[in-house]
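Which chain is which? The protein sequence lines are Y and A, in order.
When we follow the working numbering, the leftmost residue of the first sequence carries the number 1, and every step to the right adds one.
When we follow the working numbering, the leftmost residue of the second sequence carries the number 1, and every step to the right adds one.
Just so you know, even glycine gets a beta-carbon here, dropped at the ideal spot from N, CA and C.
These notes concern the structure reproduced below.
Protein chains: 2
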Amino acid sequence: MRNIRLVISYDGSDFHGWQTQPGKRTVQQTLEEALLPLTGGQRVRVNASGRTDAGVHAIGQVVNFLTTAKHEPAVFVRALNVNLPDDVSVRAADEVAVDFCANRSALSKIYRYLIYDGDTPDPFLRKYAYRCPFRLDHQRMRQAARALLGTHDFHSFETDWPNRASSVRTMMRISVNRVGDYLWIDAEADGFLYNMMRAIAGTLIQVGRGYWPVERVAEILRVKDRREAGPTAPPQGLYLLRVKYAC
Amino acid sequence: MRNIRLVISYDGSDFHGWQTQPGKRTVQQTLEEALLPLTGGQRVRVNASGRTDAGVHAIGQVVNFLTTAKHEPAVFVRALNVNLPDDVSVRAADEVAVDFCANRSALSKIYRYLIYDGDTPDPFLRKYAYRCPFRLDHQRMRQAARALLGTHDFHSFETDWPNRASSVRTMMRISVNRVGDYLWIDAEADGFLYNMMRAIAGTLIQVGRGYWPVERVAEILRVKDRREAGPTAPPQGLYLLRVKYAC
């Protein structure tokens, strides 16, 4: 058995997220179907570094699958890109150790949340950013985000997910930047809870519009209550940028 | 009568171009319908600086219309953006002299043609750039483009349009730039013939891929024969960036 790793990119607009669901168009199912001609018609199960929800985009999602197929990694890239629809693309492939798992082997993930707060709508970003109706103070957001750095119980930023053993995660980097009417929050953590990045974005937006003080974020972490944080920001602003591994 | 000028932006993907055509979704018709509630139900005819074809995008298309409606320009912006679908947006409005015409008063127009020549498809640009299957030498393209500067008969770069009195135009600026796998051609001229920018892009691509020598562009201009130039590049790479006026 060989273990093949792929870096994939997808426009999440027309997918019901990553995970296979009966009767829905998902990235997982689309990819598994595109693999069929390469594995002699044998269905392989593809693991992702993490599930993305409907409407969420990926620049560098990482997946892996076990196969007996003997193709060079570059052949997987070329052939999959011929078989795949044009809203999902394989950017790279390599062969990894059999015990590599895109999810469990990940050291960290980097997400970006993109916000547009211009006065008039930008038709090119309607599916690719959250249009915020308030002008945001990105310096206040940046200041507030600092409270999230380090190891914390992020339960206040998690949509309940009963299977989770622990909601403690380590946030290694978080930044807020602006160019013109476009702002983005970049966050790197050793793991993200369900909807965590979108709850962080929704919370920082409340600070950025002046509705909450900068200090509120530390308080939200402390109380471990999802109701205290901001709303879950819409999916179309979220991008899985990169997943890091030891090798 | 008042003359109102709008700067509009649209994602051309789901439009059959600018001009009203029976049974087709066009930008002109969409805009004229969005104006109805602002003009007491009276249909106004909107003139554009130029027609854009199906799939062609606009960042700064300029249009004007005559109306007796008494709203402030800012009210047109806000109300139209409420009425319009989210793939077209009004970025600005002002009142201009009654003899202003978005088309005839234009001093120059700036178009951009965006090309992606990376090894693997970019799912986010499938409707927003031309994916070129060849790696392009943008420095050769830049050199070749210089032949287009100045006043020339651009008949070789025009899809036949029987009504044209003259195909002489003045190209004020043309540049070719690259960042990573993305290249763009920016061109400013006092007017563009039908499909001219796409024929220029298709021609420079032939030079960039090494199929034609740099000197070929001057020769194509000289012979005034459309068959000598490159193919009309696909619409999704083309953007009307800006239209300049004396005021």
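Interface annotation, Pro121 (chain A): in contact with chain Y, CB-CB separation under 8 Å.
The residues Val46, in chain order, have a CB closer than 6 Å to that of Glu32 (chain Y) in the same chain once the five nearest residues on each side in sequence are set aside. From the beta-carbon of Val90 (chain Y), the residues of chain A found nearer than 7 Å are Thr120. Taking C-alpha positions only, Ala144 (chain A) is separated from Thr20 (chain A) by approximately 37 Å. Distance from the Cα of Ala201 (chain A) is smallest, within the candidate group A:Ala129, A:Tyr245 and A:Arg242, for A:Ala129. Per DSSP, reduced to three states, the secondary structure at Ala229 (chain Y) is coil, with no helix or strand assignment.
When DSSP assignments are scanned along the region 24-49 of chain Y, the uninterrupted stretches of alpha helix (DSSP H) that are 4 or more residues long and fall wholly within it turn out to be 27-35. Taking C-alpha positions only, Ala58 (chain Y) is separated from Gln28 (chain A) by approximately 35 Å.
The Cβ atoms of Gly23 (chain Y) and Thr52 (chain Y) do not sit closer than 8 Å to each other.
Remark: three or more beta-carbon pairs, one from each stretch, lie closer than 8 Å, so the region 200-214 of chain A and the region 128-142 of chain A are flagged as touching. For Asp186 (chain A), the beta-bridge partners assigned by DSSP are A:Arg112 and A:Ser175. Secondary structure within the region 43-104 of chain Y: the alpha helix (DSSP H) runs of 4 or more consecutive residues, fully enclosed, are 73-83 (chain order).
In the three-state scheme derived from DSSP, where H, G and I count as helix and E and B as strand, Ser156 (chain Y) is classed as helix. Under the 8 Å criterion on CB atoms, Arg126 (chain Y) is classed as interfacial with respect to chain A.
For Leu241 (chain Y), the enclosing beta strand (DSSP E) has its first and last residue at Leu238 to Lys244. Under the three-state reduction of DSSP, Gly191 (chain A) is assigned to coil, being neither helix nor strand.
Within its own chain, the residues whose Cβ lies closer than 6 Å to the Cβ of Leu6 (chain Y), once the five positions on either side in sequence are excluded, are Val63, Val90 and Ala93, listed in chain order. Residue environment analysis places Thr159 (chain Y) among the exposed positions, since fewer than 16 neighbouring C-beta atoms fall within 10 angstroms of its C-beta. About 30 Å separates the beta carbon of Thr120 (chain A) from that of Asn195 (chain Y), a gap too long to meet the 8 Å contact definition. 8 Å or more divides the Cβ of Ser105 (chain A) from the Cβ of Asp190 (chain A). Ala233 (chain A) counts as buried, since at least 16 other C-beta atoms from the protein chains shown sit within 10 angstroms of its C-beta. Taking 9 Å as the Cβ-Cβ cut-off, the region 92-106 of chain A approaches chain Y at Ala92, given in chain order.
At a cut-off of 8 Å between beta carbons, Tyr113 (chain A) makes no contact with chain Y. Taking 8 Å as the threshold, the shortest C-beta distance from Asn177 (chain A) to chain Y does not fall below it. Between the alpha carbons of Ala48 (chain Y) and Ile185 (chain A) lies a distance of about 38 Å. By the criterion of a C-beta distance shorter than 6 Å, Val217 (chain A) is surrounded in its chain by Ala144 and Ala147, once the five residues flanking it on both sides are discounted. When the Cα atoms are used, Ala54 (chain A) and Asp122 (chain Y) turn out to be separated by approximately 19 Å.
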